[in-house]
Amino acid sequence: MLRIDCPWCGTRDEAEFKYGGDATAKRPPAEGDGAAFYEFVYDRGNPKGWHQEWWHHVAGCRQWLKVVRHTVTHEIRSVAKATDDVTVPPA
Amino acid sequence: MTQPQTHRLAYGGRIDRSRTLRFTFDGRAYEGHPGDTLASALMASGERLIGRSFKYHRPRGIVTAGPEEPCALVELRTGACREPNTRATVAELYDGLEANSQNRWPSLALDISAINQLVGRFLPAGFYYKTFMWPASFWEKVYEPIIRRAAGLGRAATATDPDEYESIQAHCDVLVVGSGAAGLAAARAAGAAGARVILADQDFELGGGLLLEPEQEPWRQGMLAALSGMPEVRLLPRTTVFGFYEHDVLGAVERVSDHLPVPPEHGVRQRVWTIRARQTVLATGSTERPIAFPNNDRPGVMLASAAMTYVRRFGVRPGERAVIFANNDIAYNAAFALHDAGIAVAAIVDVRKKDSKRAAAAADRGIAVKLGSVISDVKGSRDIHGISFRSVNGTAERVLDADLVCVSGGWNPAVHLQSHTRARLTWDNDLAAFLPGKPVQAERSAGSAAGVFGIARCAADGAKAGLEAAAALGFRDGAAFELPMPDAEIDPKVKPFWEVKAKGKAFVDLQNDVTTDDIRLAHREGYTHIEHAKRYTTHSMATDQGRFSGILGTAVLAEARGETIEKVGVPTFRPYVTPVTWGAMAGRHAGHHLQPVRRTPLHHWHVRNHGIFLETGLWMRPLYYSATRETGWDPILKEARAVRQAVGICDVSTLGKIDIQGRDAGMFMDRLYTNTFSTLAVGKARYGLMLREDGMVFDDGTTSRLSENRYLMTTTTAKAAEVLAHMEFYHQTVWPDLDVRYCTVTDQWAQMSVAGPKTRLALQGCVEGLDLSNEAFPFMGVGDATIAGCPVRIYRVSFSGEMAYEVATPAGYGERVWEAILEAGKPHGILPYGLEALGLLRIEKGHVAGPELNGQTTARDLGFDKMMKKKGDFIGRVNGERPRLMDSDRPRLVGIRAVDPSFEKRLRGGAHIVDRPNSKASLGWATSITRSVELERWLGLAMVRNGPDRIGQRLYATYPLKNEVVEIEICSPHHVDPENLRVRA
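Residue numbers (our numbering), protein chains in the order written: chain A, 7 to 97; chain B, 18 to 1002.
Now the structure itself:
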């Protein structure tokens, strides 16, 4: 079970959170063409290594958090607010 | 008649001889003492045959004295409490215990399936894969029932478990797993330094290997006394740590009441611990491993350490005349323990050619040592009476009389928990065993789990590990304590020896009946990877998960591959270390406690007034009302007719309600919905449609503008939580600049829909402060009023297609308002209606709901093209316009109705729409079906290819599962009042 250090609530069990997918995917601007939106929704990587991803603190502060997690070891490098800039270590 | 304890030693052991416990095994009466396990008590009465093996039904006895037992599995207790596959070696004896052998028919002594042994050469590895492949149709009807009857273990209880289980959350600084010398010392060192410590051990007595050493008893007791005196140290006997998970979270199961006939009143049987440990010390010890040789599975063949445990701890004689078969010095301890207890030791058959000090010590006791020798066969079946042995490379066999064979192939450190953390095990040549690898979590191994042997050395290693774990957390300066007195230094080095190759079945997995030849066959057939060989042969897949003899299979495979054991490796160890019952896993979350139950503010009114309930998600909702609890359509049709002809009232409190406020609330709504809300007038409601970003419809509902910067959104009951999360995601991550705040208010409101042509008349009898006339309060109006003195908000929206008003009031006023409306509606024939009538009415009206909003339909599919605004961004706009989603032959929403106006031939949801009665080319499917009160026939909604272009066509709804074909007409989804005159009346 992962332990996620929520910047608002402190360290909490994975059971309080819901996974939300790739946090590096940026929603294209409204004028964006079809291809950009297609990529945004469907074209997601499956990296082996560090991954920046959304976790929603559903049973806590209800904030969407940016979590940098290693997809092999499950190590969590950082947990940040949705609006924070986050650096992801190289794989 | 109670079986006498013929094999109980006259003295010794940790049992309480002053008390006698009675129990039964296969209906026969036995007795034992407190401190016994079921296995030791059966052994005390001379029982050898405990079970039958999985595949060949060979007789099996007690092989170990611990949790790794592969053979002595029984069904414990009876009836609803029956627990299959319980290891007799860890089942603590209690008065009145009932156990039964399993996997035998008709009886343990005479098992007809044992004939499998004779045809054993036809049951090789992969037998099931090879034999039962063809024809495919035979699998379900013929092969599987036969296999299931012949193979398998115990029977699960069929009745509901009457016992209680619970779970507990725990945090500690240092978790110590195992209470042997290393574990006790680690816990004491960490505890003395000030750390909060949990010490868990699967056994009912703490002490591990110390329990076999009477001269170390004072130290053990001193340690336990010291630990008990530390307020921040918690001792958990009978607690198996079963898994080591990510981020230093460990799971454990505490057998709180398994040693009692029944749990105490209000007590639990078992308790699952979730432990968040800042540091963990794995002092899990080690388990002895067997050697493969012909008939090494016979009752009476057991691990040397097990035989020693039965003698020293339980005061039981496991046999009268023993032969020890070993490749290491430690095994001599067992020989001496047996000898000292008066059991004849016929010989020590030692694989090693070189004499050692231990052989000399044996000779001093008059025990013969056959160096450079191996056991090549075991004589006897249900009970053994001798062995054959020969020199390692020789053929000339000699025979020895014996009824007990004690085997030792060396020791395996119990690395399972460390392996769960994904640490890579390392191979140790001296011990010929895998040791814990470099830790990847905050853990360290100590004692024999780390390859350290001997009581004193284990204690020192444990103390060091405990200090280091505490120091890593900043705890220092603990008081020193005495270590146990030095014990005889025995060289733990092992000359690797795995298998005696001779005629006869030599088992590497006793529970799943896997032989050395099976492993070689798997190798010949290409299953050369250990994980493949494991699955092909089922080696290491039994309840002991390879703990007993997994290494043997690896060794045989390594030889076949011509590679080292280190290279071949062992199958990955995964949780659980030992089996855990479902009851413990479920804890309190059983039956109605699986998930919370949500009740509307009007729930108790429904209960009092004969509501027949349905669970929808978490919600309890009345399906319909019936004092006689009648079933069928009649009560539903009656309620629906009341709405179409007079007036009805329905509890719609379950609808999701989200209060949205802020300067940018309108803009936020415009982006969430396909249609525009920023232009909605204050005091008006509007139907809105939400898409997902992939363009599929997500949810719908009416949203009202309460003031310039405040909206109240309603969602469907099912999607309420998802919609809120969706809003949070877009607001927090995509548009954080929007000045808007929102929260769910679903539970704060009781809401009721009052619908039917006489609704206005009914409500005018109770509503104060709001003119309900069509002119003053038209369709889609929103206004505040009072009913029976309670504040209400009234929305003029309709789901049924009739004139309707939804009345919302703070939850606590719900019943008062509901009853006031009923009272006012009485002269007009008001009836409460439930979920079934609600569904009937919405299908007649052609409103979409769950079956149509299934995540695969676009706005266009559902006829909502016009709700897609042309300008501006909204979620799902771009992907919703992908060219393929515009194909005309996508299934699109239409109405269907039976041509036959009777109710004879019913339509069913899920029926396929076809153009000829026997066609198998589906044009679409029926999504929602009902009997109609308006049109007096079956009708419904359907998704049909080119649907809107087919209106007027005669087609068929076919339901092949029931051989039903019904002629239908395709029509507008709006079966009732397509011009929307009634809702505006």
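Here a beta-carbon is modelled for each residue, glycine too, at the ideal position from N, C-alpha and C.
Exercise. Are the Cβ atoms of Asn344 (chain B) and Met325 (chain B) separated by less than 8 Å?
Worked result: By 1-based counting over the second sequence, the position of residue 344 (chain B) is 327. By 1-based counting over the second sequence, the position of residue 325 (chain B) is 308. Going by C-beta atoms, Asn344 (chain B) is not nearer than 8 Å to Met325 (chain B).
For this session: Have a look at Ala805 (chain B) and Ile930 (chain B) and give me their C-alpha separation to the nearest angstrom.
Result: Position 788 of the second sequence, counting from 1, holds the residue named residue 805 (chain B). Position 913 of the second sequence, counting from 1, holds the residue named residue 930 (chain B). The alpha-carbon atoms of Ala805 (chain B) and Ile930 (chain B) are separated by roughly 51 Å.
Exercise. What beta strand (DSSP E) runs, 3 residues minimum, are completely inside the stretch 608 to 634 of chain B?
Worked result: 628 to 633
Problem set entry | Closer than 8 Å at the beta carbon, the chain A residues around Phe746 (chain B) | On the second sequence, position 729 is the one that residue 746 (chain B) refers to. What Phe746 (chain B) touches in chain A: Gly26, Trp60, His62, Trp70.
Exercise. Does Phe43 (chain A) come within less than 8 Å of chain B when only Cβ atoms are used?
Worked result: Locating residue 43 (chain A) in the first sequence gives position 37, counting from the first residue. Yes, Phe43 (chain A) lies at the interface with chain B (some Cβ there is under 8 Å from its Cβ).
Exercise. Which residues share a DSSP beta bridge with Asp418 (chain B)?
Worked result: As a first step, residue 418 (chain B) must be located in the second sequence, where it is residue number 401. B:Gly403.
Exercise. Is it the case that the Cβ atoms of Pro254 (chain B) and Ala173 (chain B) are separated by a distance below 8 Å?
Worked result: Within the second sequence, the letter at position 237 stands for residue 254 (chain B). Within the second sequence, the letter at position 156 stands for residue 173 (chain B). No.
Exercise. From the beta carbon of His80 (chain A), is the nearest beta carbon of chain B less than 8 Å away?
Worked result: Here residue 80 (chain A) refers to the residue found at position 74 when the first sequence is read from its first residue. His80 (chain A) counts as touching chain B.
For this session: Determine the extent of the beta strand (DSSP E) in which Cys760 (chain B) is found, giving its start and end residues.
Result: Counting from one through the second sequence, the residue named residue 760 (chain B) turns up at place 743. That run of the beta strand (DSSP E) goes 758 to 761.
Exercise. Which chain A residues are close to Asn312 (chain B), counting only those with a beta carbon under 9 Å from its beta carbon?
Worked result: What you label residue 312 (chain B) is simply residue 295 of the second sequence in a count that begins at 1. Near Asn312 (chain B) there are no residues of chain A at all, since even the closest Cβ is about 45 Å away, more than 9 Å.
Exercise. DSSP on Thr533 (chain B), reduced to helix/strand/coil?
Worked result: Counting from one through the second sequence, the residue named residue 533 (chain B) turns up at place 516. Helix at Thr533 (chain B).
For this session: Return no unless some Cβ of chain C is closer than 8 Å to the Cβ of Gly40 (chain A).
Result: The displayed structure is made up of protein chains A and B, and chain C is not among them.
Exercise. Just the Cα atoms here: how many angstroms apart are Gly897 (chain B) and Ala698 (chain B)?
Worked result: For the purposes of this step, residue 897 (chain B) is taken as the residue at position 880 of the second sequence. For the purposes of this step, residue 698 (chain B) is taken as the residue at position 681 of the second sequence. Looking at the two C-alpha atoms, the distance is approximately 28 Å.
For this session: Locate the alpha helix (DSSP H) running through Gln662 (chain B), then write down its first and last residues.
Result: One-based indexing of the second sequence puts residue 662 (chain B) at position 645. Taken as a continuous stretch (DSSP letters only), the alpha helix (DSSP H) holding Gln662 (chain B) covers 651 to 662.
For this session: Give a yes or no on whether 8 Å exceeds the smallest Cβ distance from Ala31 (chain A) to chain B.
Result: Residue mapping note: residue 31 (chain A) aligns to position 25 of the first sequence, counting from 1. No, its Cβ sits nowhere closer than 8 Å to a Cβ of chain B.
Exercise. Which word fits Lys32 (chain A), buried or exposed, when buried means at least 16 other C-beta atoms lie within 10 angstroms of its C-beta?
Worked result: Taking the first residue of the first sequence as 1, we reach residue 32 (chain A) at position 26. Answer is exposed; the Cβ neighbour count stays below 16.
Exercise. Using 8 Å as the Cβ pair cut-off and three pairs as the minimum, do the stretch 84 to 94 of chain A and the stretch 79 to 98 of chain B touch?
Worked result: no
Exercise. Nearest-angstrom Cα distance between His50 (chain B) and Arg334 (chain B)?
Worked result: Position 33 of the second sequence, counting from 1, holds the residue named residue 50 (chain B). Position 317 of the second sequence, counting from 1, holds the residue named residue 334 (chain B). Taking the straight line from one Cα to the other gives about 15 Å.
Exercise. In chain order, what residues of the stretch 263 to 276 of chain B put their CB closer than 7 Å to some CB of chain A?
Worked result: Glu263, His264, Val266
Exercise. Is the beta carbon of Asp668 (chain B) sitting closer than 8 Å to the one on Thr617 (chain B)?
Worked result: Position 651 of the second sequence holds residue 668 (chain B). Position 600 of the second sequence holds residue 617 (chain B). Going by C-beta atoms, Asp668 (chain B) is nearer than 8 Å to Thr617 (chain B).
Problem set entry | C-alpha distance - Val824 (chain B) paired with Arg658 (chain B), whole-angstrom precision | Stepping through the second sequence from its first residue, residue 824 (chain B) is reached at position 807. Stepping through the second sequence from its first residue, residue 658 (chain B) is reached at position 641. Looking at the two C-alpha atoms, the distance is approximately 21 Å.
Exercise. Do Phe71 (chain B) and Asn120 (chain B) have their CB atoms nearer than 8 Å?
Worked result: On the second sequence, residue 71 (chain B) is found 54 positions in, with the first residue counted as 1. On the second sequence, residue 120 (chain B) is found 103 positions in, with the first residue counted as 1. It is a contact, given that the beta carbons lie within the stated cut-off.
Problem set entry | Three-state class that DSSP yields for Gln678 (chain B) in the structure shown | Here residue 678 (chain B) refers to the residue found at position 661 of the second sequence. Strand at Gln678 (chain B).
Exercise. Can you list, in chain order, the residues of its chain whose CB lies under 6 Å from that of Arg1001 (chain B), leaving out five sequence neighbours each side?
Worked result: Here residue 1001 (chain B) is taken as the residue at index 984 of the second sequence, counted from 1. Within the same chain, Arg1001 (chain B) has close Cβ partners Phe796.
For this session: Just the C-alpha distance for Trp955 (chain B) and Glu37 (chain A), rounded to the nearest angstrom, thanks.
Result: Counted from its first residue, the second sequence places residue 955 (chain B) at position 938. Counted from its first residue, the first sequence places residue 37 (chain A) at position 31. Roughly 47 Å separates the two Cα atoms.
For this session: Look at the Cβ atom of Glu725 (chain B), then the Cβ atom of Tyr850 (chain B), and state whether they are nearer than 8 Å.
Result: Taking the first residue of the second sequence as 1, we reach residue 725 (chain B) at position 708. Taking the first residue of the second sequence as 1, we reach residue 850 (chain B) at position 833. In this structure, Tyr850 (chain B) does not lie closer than 8 Å to Glu725 (chain B) by Cβ.
For this session: From the DSSP output, in three-state form, read off Ser70 (chain B) for me.
Result: Here residue 70 (chain B) refers to the residue found at position 53 when the second sequence is read from its first residue. If DSSP states are grouped into helix, strand and coil, Ser70 (chain B) belongs with coil.
Problem set entry | Chain-ordered chain B contacts of Ala86 (chain A) [CB-CB under 7 Å] | Here residue 86 (chain A) refers to the residue found at position 80 of the first sequence. Neighbours of Ala86 (chain A) on chain B: none; closest Cβ ~12 Å, over 7 Å.
For this session: Find the residues of chain A that neighbour Val751 (chain B), judging by a C-beta separation of less than 9 Å, and give them in chain order.
Result: The count along the second sequence starts at 1 and reaches residue 751 (chain B) at position 734. The contacting residues are Lys32, Arg33.
Problem set entry | N- and C-terminal bounds of the alpha helix (DSSP H) containing Phe920 (chain B) | Here residue 920 (chain B) corresponds to residue number 903 of the second sequence, with the count starting at 1. Looking at the DSSP string, Phe920 (chain B) is not in any alpha helix (DSSP H), and its letter there is neither H nor E.
Problem set entry | Reference Tyr812 (chain B); option with closest CA among B:Glu840, B:Gly786, B:Thr720 | As a working mapping, residue 812 (chain B) is identified with position 795 in the second sequence. Nearest of B:Glu840, B:Gly786, B:Thr720 to Tyr812 (chain B), Cα basis: B:Thr720.
Problem set entry | Inside the stretch 913 to 994 of chain B only - beta strand (DSSP E) runs reaching at least 3 residues | 929 to 931, 941 to 948, 955 to 962, 971 to 976, 981 to 988
Exercise. Pick from B:Met769, B:Leu66, B:Leu729: whose alpha carbon is nearest that of Val1082 (chain B)?
Worked result: What the structure shows of chain B is the stretch from 18 to 1002, and residue 1082 (chain B) is not part of that stretch, so it cannot be assessed.
Exercise. If you compare alpha carbons, which of B:Gly818, B:Tyr262, B:Leu448 is closest to Val594 (chain B)?
Worked result: The residue labelled residue 594 (chain B) in the question sits at position 577 within the second sequence. It is B:Tyr262.
Problem set entry | Own chain residues within Cβ distance below 6 Å of Arg295 (chain B), not counting five before or after | Stepping through the second sequence from its first residue, residue 295 (chain B) is reached at position 278. Excluding residues within five positions, the ones whose Cβ falls inside 6 Å are Asp190, Leu490.
Exercise. Do we get a CB-CB distance below 8 Å when we pair Thr77 (chain A) with the residues of chain B?
Worked result: Stepping through the first sequence from its first residue, residue 77 (chain A) is reached at position 71. Judged by the 8 Å Cβ criterion, Thr77 (chain A) is not in contact with chain B.
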